[in-house]
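Visitor: Residues -20 to -1, 1 to 217 (mature numbering (1 follows the signal peptide of the UniProt record, and there is no 0)) make up the sequence shown, in order. Note that CB positions come from ideal geometry on N, CA and C, so glycine has one too. Before I ask anything, here is the structure I am working with.
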Amino acid sequence: MNIKLLFFTFCMLAFASLKAQETGAFEFLDKVIARYDPNNNWPTFKGDFVVTMSTPNKKDRVTDIHINQPKSTFVLSNAKEGKKHTVKVVNDSVHFFVDDRQIVNEEEQKKLKFNKERALFMRNYYTYLYGLPMKLKDKGAIVDPKLYSKTINKKWYKVIKVTYDKEVGKDTWYFYFNPKSLDMEMYQFFHDETKNDGEYILLSNTEIINGVRMPAVRAWYTNKDDKLLGTDVLTKK
């Protein structure tokens, strides 16, 4: 009996020790954020960069981006028919420009396809994707406390699952990290996971802009059939 009891006690202690060594999602997220933003620059980030989007059978689209976090300012510019079209968002106030002329007339805004909802969406889109993984700490993000492991194409990843408050978003996201380098190498979202809809995005190369690591190349694919939707390439301005 004593030997059995001793063996049982040993097994329980070993199990407890193993559980204590396991890293949860919150602790792991802190580690990867320390890699991507070691000096906590993202909350005060001010930076400019260029995103070139390549889509199959379409002309490349080049977009200039300016983000100023302390002033809650986001500026997006691209060329259309030889003119510079600019959207400027300050807090939730939106302003439109063609070259240096502000477009205030609503009919003209509509004709030029300027849209406030679209402008706010693009602000949220770019600050979210290029602010990852730091943005996973934002209010409304619900991080699953369990840190998952998954093998894809014979490559092992640590995976963080994130959902959002209804006011923020309805999609389910998965973020895939190299367990050794802590690099974020892929993320994936589903509108309805049971339907295998949504997309996955492969990340490669890195740009460091004002102390923040950002993926330089993002290739977008559909979850359902692995169809390439497009590729974004980030460069310093």
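If you reduce the DSSP assignment to three classes, tell me which class I83 lands in.
Guide: Indexing the sequence shown from 1 puts residue 83 at position 103. Note: I83 maps to coil in three-state DSSP.
Visitor: Can you list, in chain order, the residues of its chain whose CB lies under 6 angstroms from that of P195, leaving out five sequence neighbours each side?
Guide: Working through the sequence shown from its first residue, we reach residue 195 at position 215. If we look at P195 and ignore the five residues flanking it on each side, its Cβ neighbours are L183.
Visitor: If you pair each beta-carbon of the stretch 174 to 183 with each one of the stretch 201 to 217, do three or more pairs fall below 8 angstroms?
Guide: Touching, yes.
Visitor: Which residues does DSSP pair with P195 in a beta bridge?
Guide: Indexing the sequence shown from 1 puts residue 195 at position 215. Bridge partners of P195: T186.
Visitor: Per DSSP, what are the beta-bridge partners of H171 in this structure?
Guide: As a first step, residue 171 is located in the sequence shown; it is residue number 191 there, counting from the start. Answer is none; H171 lacks a bridge partner.
Visitor: Give the DSSP-derived three-state secondary structure of F(-11) in the structure shown.
Guide: Numbered from its first residue, the sequence shown carries residue -11 at position 10. Residue confidence for F(-11) is low, a pLDDT of 48 falling below 50, so the modelled location carries little weight and cannot support an answer.
Visitor: Can you round the beta-carbon distance between V31 and T43 to whole angstroms, since I take them to be within the 8 angstroms contact cut?
Guide: Reading the sequence shown from its first residue, position 51 is the one you call residue 31. Reading the sequence shown from its first residue, position 63 is the one you call residue 43. With a beta-carbon spacing of about 5 angstroms, V31 and T43 fall inside the 8 angstroms limit used to define contacts.
Visitor: Taking A5 as the reference, give the member of L208, N37, I140 with the closest Cα.
Guide: In the sequence shown, residue 5 corresponds to position 25, counting from 1. The option with the nearest alpha carbon to A5 is I140.
Visitor: Just verifying my parser: in three-state terms, what is the DSSP assignment at N104?
Guide: Stepping through the sequence shown from its first residue, residue 104 is reached at position 124. Helix.
Visitor: Which of helix, strand or coil does DSSP assign to K91?
Guide: Residue mapping note: residue 91 aligns to position 111 of the sequence shown, counting from 1. Looking at K91 - three-state DSSP - the assignment turns out to be helix.
Visitor: Is it buried or exposed, F101, if we count other Cβ atoms within 10 angstroms and call 16 or more buried?
Guide: Here residue 101 refers to the residue found at position 121 when the sequence shown is read from its first residue. Burial call: exposed.
Visitor: By Cβ distance, which residues of its chain are closer than 7 angstroms to K11, with the 5 residues on each side in sequence left out?
Guide: Counting from one through the sequence shown, the residue named residue 11 turns up at place 31. So the qualifying residues of the chain are L162.
Visitor: Would you call A99 buried or exposed, if buried means 16 or more other Cβ atoms sit within 10 Å of its Cβ?
Guide: Residue 99 sits at position 119 when you count from the first residue of the sequence shown. Buried is the call here.
Visitor: Rounded C-beta distance between N217 and F8? I'm assuming under 8 angstroms.
Guide: Here the question's residue 217 lines up with position 237 in the sequence shown. Here the question's residue 8 lines up with position 28 in the sequence shown. The sequence given here has Lys at residue 217, not Asn. Not confirmed; about 32 angstroms, so no contact.
Visitor: Candidates I132, L109, F155: which alpha carbon is nearest V192's?
Guide: Mapped onto the sequence shown, residue 192 falls at position 212. Among I132, L109, F155, the Cα nearest to that of V192 belongs to L109.
Visitor: Whole angstroms are fine: how far does the CA of E97 sit from the CA of Y144?
Guide: One-based indexing of the sequence shown puts residue 144 at position 164. One-based indexing of the sequence shown puts residue 97 at position 117. Looking at the two C-alpha atoms, the distance is approximately 20 angstroms.
Visitor: As an exercise, report each continuous beta strand (DSSP E) stretch of at least 3 residues that is fully enclosed by the stretch 21 to 46, in chain order.
Guide: Positions of the beta strand (DSSP E) runs, each at least 3 residues long and wholly inside the stretch 21 to 46, are given as 26 to 34 in order along the chain.
Visitor: Under a CB-based cut-off of 8 angstroms, is W22 close to chain D?
Guide: Among the protein chains of the structure shown there is no chain D, as only one such chain exists.
Visitor: Please work out which residues of its chain come closer than 6 angstroms, Cβ to Cβ, to Q168, disregarding the five sequence neighbours upstream and downstream, and give them in chain order.
Guide: For this step, residue 168 is matched to residue 188 along the sequence shown. Excluding positions up to five away in sequence, the list reads Y154, Y180.
Visitor: Counting C-beta neighbours from all protein chains within 10 Å, is the total for W136 16 or more, i.e. buried, or is it exposed?
Guide: By one-based count along the sequence shown, residue 136 stands at place 156. By the C-beta density criterion, W136 is exposed, having fewer than 16 other C-beta atoms within 10 angstroms.
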